Amino acid sequence: MCEKIQYAAKARRDPDFVIAARTDAMRTHDYAEGIRRALLYVQAGADMVMVFPNTAEEALQAPRDVPAPLIYVNSEGNRLNRPIFPIDDLETAGYKMVNDAISSISVAYESIYELFSRLKTTGRTGMDQAVAIKTRKDIEDTIGLDEYYRIEAETVEAGS
């Protein structure tokens, strides 16, 4: 891994490009091994290191043991019972980035599941039409749908 980080650092052309390393060693081995690897990754050229402490105590200690920006992953419902912290607590502990690994996917899954369950049961999605219209417009604006329609109108042969 250190060699990969060294090559990435050597190949970096944009000074704003961040090299973030990751180690799962705290989970697979122990806290000390995770810290050892994080330190090696920083020495190899990583700008940040994502660590996965197993306990709240380890999570709060890690920023004191690694003199480089650390990334913490909040993962709601994780099967390993890794602690979830408010962002302010992680910032106070010294973390420089927080990644929420699954919440948006979980919320989307729940919403989609509920929608299709209602559709199957009632034959209707049950969506509020005013909300549906606004949401659809937001999506279409985000992807630039009107521009795609304009291009299509200018480039498709008449009568085809």
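Residue numbers (this note's numbering): 6 to 165. Ideal Cβ positions, reconstructed from N, Cα and C, are used throughout, including at glycine. Fair warning: this is a prediction, and the values are worked out from it, not measured in the lab.
**OP:** Indicate whether Gly99 and Arg69 have their beta-carbon atoms separated by less than 8 Å.
**Re:** Result yes, Cβ atoms of Gly99 and Arg69 sit closer than 8 Å.
Original post:
What's the gap between the Cα of Gln3 and the Cα of Glu162?
Top reply: Outside the modelled stretch of the chain, which goes from 6 to 165, sits residue 3, for which no answer is possible.
**OP:** Could you have a look at Ile76 and say whether DSSP puts it in helix, strand or coil?
**Re:** In the structure shown, the three-state DSSP call for Ile76 is strand.
Subject >> Buried versus exposed call for Leu124 [16 or more other C-beta atoms within 10 Å across all chains shown] >> reply: exposed
Original post:
Of all the options Met53, Gly50, Ile89 and Pro20, which has the alpha carbon lying nearest to the alpha carbon of Glu63?
Top reply: Ile89
**OP:** Please confirm whether Ser73 and Val56 have their CB atoms less than 8 Å apart.
**Re:** The residue asked about is misnamed: residue 73 is Ala in this sequence, not Ser. It is not a contact, given that the beta carbons lie outside the stated cut-off.
**OP:** Measure the alpha-carbon distance for Leu75 versus Met102 and round it to whole angstroms.
**Re:** 7 Å
Original post:
Excluding sequence positions up to five away, which residues of its chain have a Cβ less than 7 Å from the Cβ of Leu65?
Top reply: Ala98
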